[in-house]
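Asker: Following this message is one structure expressed as structure tokens.
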Amino acid sequence: MHQREHFNSRLAIVLALAGSAIGLGNIWRFPYVVGEYGGAAFIIVYIAFSLCISLPIMLSESIIGRHARKGVYCALRDLAPRRPWWKWAGLVAVLGAFIISSYYSVVGGWSVDYMMRALMKGFSPDAPDNVMGIFGRMSSSVWEPIAAHTIFLGLCAAIVMLGVKNGIERFNKFSIPLLFILIVGMLVFSVNLPGARGGVEYLLKPDFSKMTAKGLSCALGQSFFSMSLGIGAVLTYASYMKPDQGILSAGVWTTLFDAGFAIMAGFVVMPAVFSAGIAPGAGPSLVFESIPYIFAKMGAASPLLARVASVTFFLTILIAAVTSEISMLEVCVSQLVEQRQISRRKASILVFILAWGLGVLCSLSFGVLGHVRILGSGIFEFFDQLSSNYIMLLGALAFAIFVGWQMKKADVEAELTNGGSLRASSRLFKFLYPVIRYVIPPAIVLIFITNLL
Ligand code: PFF
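All residue numbers for the sequence shown refer to the numbering used here, where the first residue is 16 and numbers rise by one.
Encoded structure:
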């Protein structure tokens, strides 16, 4: 029997959860969806959803994880032994974590590639327009993105192999504070660029007319993805919490850190985009095309500054991506260690090999496998949509129903309040429990239906 590890302190669990939450979703995706869906209007709705819907789901996952002290599959299996379908829900969550970890590692690889480029040669000021073509050339080639994906995934698997305390906790302890220092530094730099005001106004001007059903579903989907819900990442990390660590405070801090970081990333990217005179609606290519273009333009005036700024920017994305990726790998590794009783080392290597294989297919779908369609989508796109539009939502629904209707109310309350010793949590429980039972499940079903239409 393996000894179950624990996070060392309250801070360690918050840093781990925040590390999982803060990732490509915050820096790469949040700024452009804010732009697409009405600036401040989106931010307000996003914060409201994160606090009212995502946070209760995060708490539900944490309650299951710490109560069972097992990863997602074994937790649902053991807490509901007479209802075998729950364990299948757990397996779907593990599958979701596996799929996301595979394609996420491809984008993580791109950030490795860009950071190396920024470090070695910078983005050439001679032909800033050419810089925007780098992304298309790089992502559609065969070996370069695969090599970068291998480096990224290898690094993450190595951290997970070292264990919860020696790997994950240690890495998060220095990288999360560093991420905040880097983002604040870049924010100050970005809002002071000439012409940056347009970007600040763009983010602050609320346009509620864009908050259509699609805008709302996008805000909730973004919040789920950003807070790592529905695929057992939070559940698995919470299973390493000690009995005296508070679930509520960890959840609230994680929500605040995640939303705060996303908003700061918006204020780094958009002012810079406006300052360089680029269209803000560039969508997903914003970070890998528009931003290097800005650095190239900047390089013409002050090469050193441009170099430092570009390395800092891509290093921030890289670190944020690593701390998220390790939480997904941990879901898969803990499943193998607990259910198949194999060593963490073997499990990490196995997960690395499998995720690498699927990641390679996703990477090639930007080039030589571009013609392959699965239900009308390219390979990368198919797996992204399958996991974020369906598996995450179904997982979140399953966790809320499990806590609201399957677990005993007394167990749920004891877990949230540490046996009644946390007063604020006890007060909140009276309000939270009905929300988890009656509000969250229909809300998720509604979003699910919107996604299907
Ligand atoms: N929250 C991460 C991000 O915003 O990039 C992505 C993620 C990590 C999703 C872990 C799901 C997960 F389990």
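Virtual Cβ for every residue (Gly too), placed ideally from N, Cα, C.
Using DSSP bridges, identify the partner residues of Pro221.
Answerer: In DSSP, Pro221 forms a bridge with Gly54.
Asker: For Phe329, verify whether its CB is less than 7 angstroms away from any heavy atom of the ligand PFF.
Answerer: Answer for Phe329: no, Cβ out of range of the ligand PFF.
Asker: Quick test of the definition: if touching needs 3 or more C-beta pairs under 8 angstroms, does the segment 448 to 458 touch the segment 412 to 427?
Answerer: Because the criterion of three Cβ pairs below 8 angstroms is met, the segment 448 to 458 and the segment 412 to 427 touch.
Asker: So what's Ile246 in DSSP terms, helix, strand or just coil?
Answerer: If DSSP states are grouped into helix, strand and coil, Ile246 belongs with coil.
Asker: Let me know the alpha helix (DSSP H) ranges lying completely inside the segment 234 to 298, each 4 residues or longer, listed in chain order.
Answerer: If we require 4 residues or more, the alpha helix (DSSP H) runs fully inside the segment 234 to 298 come out as 248 to 253, 262 to 290.
Asker: Would DSSP call Ile389 helix, strand or coil?
Answerer: Strand, per DSSP.
Asker: Are the beta-carbon atoms belonging to Ala411 and Leu244 less than 8 angstroms from one another?
Answerer: In this structure, Leu244 lies closer than 8 angstroms to Ala411 by Cβ.
Asker: Alpha carbon to alpha carbon, how far is Ala56 from Ala211? Give it in angstroms, no decimals.
Answerer: Spanning the two alpha carbons is a distance of roughly 20 angstroms.
Asker: Does the ligand PFF have a heavy atom nearer than 7 angstroms to the CB of Phe414?
Answerer: No.
Asker: Pop quiz: Val29 and Ala265 are said to be a contact at Cβ under 8 angstroms. What is the actual Cβ separation, rounded to whole angstroms?
Answerer: At roughly 5 angstroms, the Cβ-Cβ gap stays under 8 angstroms, so Val29 and Ala265 are in contact.
Asker: Do the segment 214 to 223 and the segment 361 to 380 meet, that is, are 3 or more Cβ pairs less than 8 angstroms apart?
Answerer: Contact between the segment 214 to 223 and the segment 361 to 380 is absent, because fewer than three Cβ pairs lie under 8 angstroms.
Asker: For Ser35 and Ser402, I'd like the C-alpha separation in whole angstroms.
Answerer: Between Ser35 and Ser402, the C-alpha separation is close to 16 angstroms.
Asker: At a cut-off of 7 angstroms, is Met343 close to the ligand PFF when judged by its beta-carbon and the heavy atoms of the ligand?
Answerer: Yes, the beta carbon of Met343 sits closer than 7 angstroms to at least one heavy atom of the ligand PFF.
Asker: So, under 8 angstroms CB-CB, Met279 and Pro295 are touching, yes? Tell me the CB distance rounded to an integer number of Å.
Answerer: No, Met279 and Pro295 are not in contact; Cβ-Cβ is about 17 angstroms, not under 8 angstroms.
Asker: Spatial neighbours of Pro457 within its chain, please: CB distance less than 6 angstroms, with the 5 preceding and 5 following residues excluded, ordered by chain position.
Answerer: Excluding positions up to five away in sequence, the list is empty.
Asker: With respect to the alpha helix (DSSP H) encompassing Trp43, which residues constitute its N-terminal and C-terminal limits?
Answerer: Premise fails: Trp43 is in no alpha helix (DSSP H) and is neither H nor E.
Asker: By alpha-carbon positions, which one of Glu345, Asn404, Phe395, Tyr252 ends up nearest to Arg84?
Answerer: Residue Tyr252 is the option with its Cα nearest to Arg84.
Asker: Buried or exposed for Met16, please, with buried defined as at least 16 other CB atoms from any protein chain shown within 10 angstroms of its CB.
Answerer: With a pLDDT of 47 at Met16, under the threshold of 50, the predicted position of this residue should be treated as unreliable, though the coordinate-derived value follows. Classification for Met16: exposed.
Asker: Could you say if the segment 97 to 112 and the segment 227 to 240 meet the contact criterion of at least three C-beta pairs nearer than 8 angstroms?
Answerer: In short, these stretches do not touch, since the Cβ pair count stays below three.
Asker: How about the segment 300 to 316 and the segment 130 to 143: do they share at least three Cβ pairs that are nearer than 8 angstroms?
Answerer: Yes, since at least three Cβ pairs between the segment 300 to 316 and the segment 130 to 143 fall closer than 8 angstroms, the two stretches touch.
Asker: Buried or exposed for Arg438, please, with buried defined as at least 16 other CB atoms from any protein chain shown within 10 angstroms of its CB.
Answerer: Exposed, because fewer than 16 other Cβ atoms sit within 10 Å of the Cβ of Arg438.
Asker: The ligand PFF heavy atoms versus the CB of Ser339: any closer than 7 angstroms?
Answerer: Under cutoff, so the answer is yes.
Asker: Answer with buried or exposed for Asn181, where buried requires no fewer than 16 other C-beta atoms within 10 angstroms of its C-beta.
Answerer: Its Cβ having fewer than 16 others within 10 Å, Asn181 is exposed.
Asker: Where Tyr47 and Ser440 are concerned, what is the direct C-alpha to C-alpha distance, given to the nearest angstrom?
Answerer: Distance between the alpha carbons of Tyr47 and Ser440: 36 angstroms.
Asker: Measuring CB to CB, does Val49 end up less than 8 angstroms from Gly247?
Answerer: No, they are not a contact pair.
Asker: May I ask which residues mark the beginning and end of the alpha helix (DSSP H) holding Gln350?
Answerer: Its alpha helix (DSSP H) spans residues 318 to 354.
Asker: Report, in whole angstroms, the separation of the C-beta atoms of Ile459 and Gly111, which I expect to be a contact under 8 angstroms.
Answerer: Not quite, the Cβ-Cβ distance comes to about 15 angstroms (not below 8 angstroms), so this is no contact.
Asker: In chain order, which alpha helix (DSSP H) runs of at least 4 residues are fully inside the segment 86 to 120?
Answerer: The segment 86 to 120 contains these whole alpha helix (DSSP H) runs: 87 to 94.
Asker: Verify the contact flag: Asn433, CB atom, against every heavy atom of the ligand PFF, threshold strictly below 7 angstroms.
Answerer: The answer is no for Asn433.
Asker: Roughly how many angstroms separate the alpha carbons of Ile79 and Leu250, rounded to a whole number?
Answerer: In a straight line, the C-alpha of Ile79 is about 7 angstroms away from that of Leu250.
Asker: Quick one: grab the DSSP three-state call for Met16.
Answerer: Its pLDDT being 47, under 50, Met16 is placed unreliably by the model, and the measurement read from it follows with that caveat. Coil, per DSSP.
Asker: Enumerated in chain order, which unbroken segments of the alpha helix (DSSP H) with a length of 4 residues or greater are wholly contained in the segment 399 to 451?
Answerer: 407 to 416, 424 to 432, 438 to 449, all fully within the segment 399 to 451.
Asker: Run through DSSP, which three-state label would Val199 get?
Answerer: Three-state DSSP puts Val199 in a helix.
Asker: In terms of residues, what are the limits of the alpha helix (DSSP H) holding Phe367?
Answerer: Note, Phe367: alpha helix (DSSP H), 359 to 379.
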